[in-house]
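Residue numbers for the sequence shown follow our numbering, so the first one is 32 and each next one is one higher.
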Amino acid sequence: MTRTHHTLCRWPAMVIAAMLLAGCGTTVDRIESDEVRDLSGRWNDTDSRLVSEEMVQDMLSRAWLDNHRRNRGEDPTVIVGDVRNLSHEHINTGTFINDIERELINAGEISFVAGSDLRQAIREERRDQDVHAREDTRNPMGQEIGADYMLTGTINTIMDVEGRTQVAYYQVNLALTSIADNRRVWVGQKEIKKVIQRGLFRS
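What follows is the structure in structure tokens.
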């Protein structure tokens with residue numbers, strides 16, 4: 032067998048190897064942060080953003096807000112409490128809470144105070160200032176603004192599967208409660224339903 036024939040025989044193997052290497056490579060496409068890419072059908076950043084926007088908009092359009100302003104003569108102060116994930120999948124409720132806080136603050140309709148974890152960190156900073164900061168720059172204790180209402184909620188799911196078709200149903204419930212007397216002044220609910228078609232060879 033000639034050297035030329037050996038070279039020609041190696042070409043198919045080289046082509047196959049190159050194709051395998053190309054198939055194992057990683058590709059990255061940069062997209063806009065608000066572009067929707069629903070790859071798995073699970074709860075994602077788009078769901079979190081849209082649900083928080085719609086629910087905060089609904090909350091601020093209800094009668095409780097005008098009632099508070101009329102009775103107190105000022106905008107209400109709200110704190111976001113616990114939002115529990117009761118679904119079948121892992122959901123980063125911290126991201127969802129951050130989306131809600133952003134919508135509340137940017138709406139400009141209410142005053143907003145930090146949650147318990149951040150408040151503790153700030154109190155530690157004030158205690159440190161009492162010892163180490165110059166007197167004219169210290170921020171004293173006892174000057175915090177108390178919240179009038181606490182926003183809490185849950186995220187639930189119901190899954191329905193038939194063959195390779197799966198329906199994912201998400202239900203987000205939020206409630207605004209008066210801290211003074213435990214009255215519920217607003218209850219909101221948002222539902223998301225996704226139909227997911229699984230591939231033939233995908234579990």
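Every residue, glycine too, gets a C-beta built ideally from N, C-alpha and C.
For the alpha helix (DSSP H) containing isoleucine 128, list its first residue and its last residue. Your numbering for residue 128 matches position 97 in the sequence shown. Start and end: 124-138.
Who are the near neighbours of phenylalanine 127 in its chain, counting only those whose CB is closer than 7 angstroms to its CB and skipping five residues on each side? Taking the first residue of the sequence shown as position 1, residue 127 is located at position 96. Taken in chain order, the residues that qualify are Ser79, Ser83 and Val114.
At what residues does the alpha helix (DSSP H) containing threonine 77 begin and finish? Counting from 1 along the sequence shown, the entry for residue 77 is found at position 46. Run containing threonine 77: 76-91, per the alpha helix (DSSP H) assignment.
Roughly how many angstroms separate the alpha carbons of isoleucine 148 and isoleucine 189, rounded to a whole number? Translated into positions along the sequence shown, residue 148 becomes position 117. Translated into positions along the sequence shown, residue 189 becomes position 158. Note on identity: in this sequence residue 148 is aspartate, with isoleucine being the wrong assignment. About 31 angstroms.
The alpha helix (DSSP H) that contains serine 147, what's its start and end? On the sequence shown, residue 147 is found 116 positions in, with the first residue counted as 1. Residues 147-163.
Can you grab the Cα-Cα spacing for the pair glutamate 140 / threonine 185, in whole Å? Here residue 140 corresponds to residue number 109 of the sequence shown, with the count starting at 1. Here residue 185 corresponds to residue number 154 of the sequence shown, with the count starting at 1. Those two C-alpha atoms are separated by around 24 angstroms.
8 angstroms CB neighbourhood of serine 118 in its chain, flanking five on each side removed: Here residue 118 refers to the residue found at position 87 of the sequence shown. Answer for serine 118: Trp74, Ile186, Asn187, Thr188 and Tyr201, listed in chain order.
Alpha-carbon to alpha-carbon, phenylalanine 143 and leucine 135: Taking the first residue of the sequence shown as position 1, residue 135 is located at position 104. Taking the first residue of the sequence shown as position 1, residue 143 is located at position 112. If you take the alpha carbons of leucine 135 and phenylalanine 143, they lie about 7 angstroms apart.
Candidates Gly219, Ala199 and Asp130: which alpha carbon is nearest glutamate 120's? Against the sequence shown, residue 120 aligns to sequence position 89. Ranking the options by Cα distance to glutamate 120, first place goes to Ala199.
Of all the options Ile223, Arg169, Gly194 and Ala178, which has the alpha carbon lying nearest to the alpha carbon of glutamate 105? On the sequence shown, residue 105 is found 74 positions in, with the first residue counted as 1. Comparing Cα-Cα distances from glutamate 105 to each of Ile223, Arg169, Gly194 and Ala178, the minimum goes to Ala178.
Once DSSP output is grouped into helix, strand and coil, what is the label at aspartate 179? By one-based count along the sequence shown, residue 179 stands at place 148. Note: aspartate 179 maps to coil in three-state DSSP.
From glycine 173 to glycine 112, what distance separates their C-alpha atoms? Indexing the sequence shown from 1 puts residue 173 at position 142. Indexing the sequence shown from 1 puts residue 112 at position 81. Their Cα atoms are separated by approximately 21 angstroms.
Looking only at DSSP bridge pairs, what is aspartate 97 linked to? Numbered from 1 along the sequence shown, position 66 holds the residue referred to as residue 97. According to DSSP, aspartate 97 bridges with nothing at all.
For the beta strand (DSSP E) holding alanine 199, just list the boundary residues, first then last. Stepping through the sequence shown from its first residue, residue 199 is reached at position 168. Its beta strand (DSSP E) spans residues 196-209.
Any idea which residues DSSP pairs glutamate 222 with across the strands? For this step, residue 222 is matched to residue 191 along the sequence shown. DSSP output for glutamate 222 lists Gln202 as bridge partner(s).
If you draw a straight line from the alpha carbon of threonine 77 to that of glutamate 85, how long is it in whole angstroms? Here residue 77 corresponds to residue number 46 of the sequence shown, with the count starting at 1. Here residue 85 corresponds to residue number 54 of the sequence shown, with the count starting at 1. Their Cα atoms are separated by approximately 12 angstroms.
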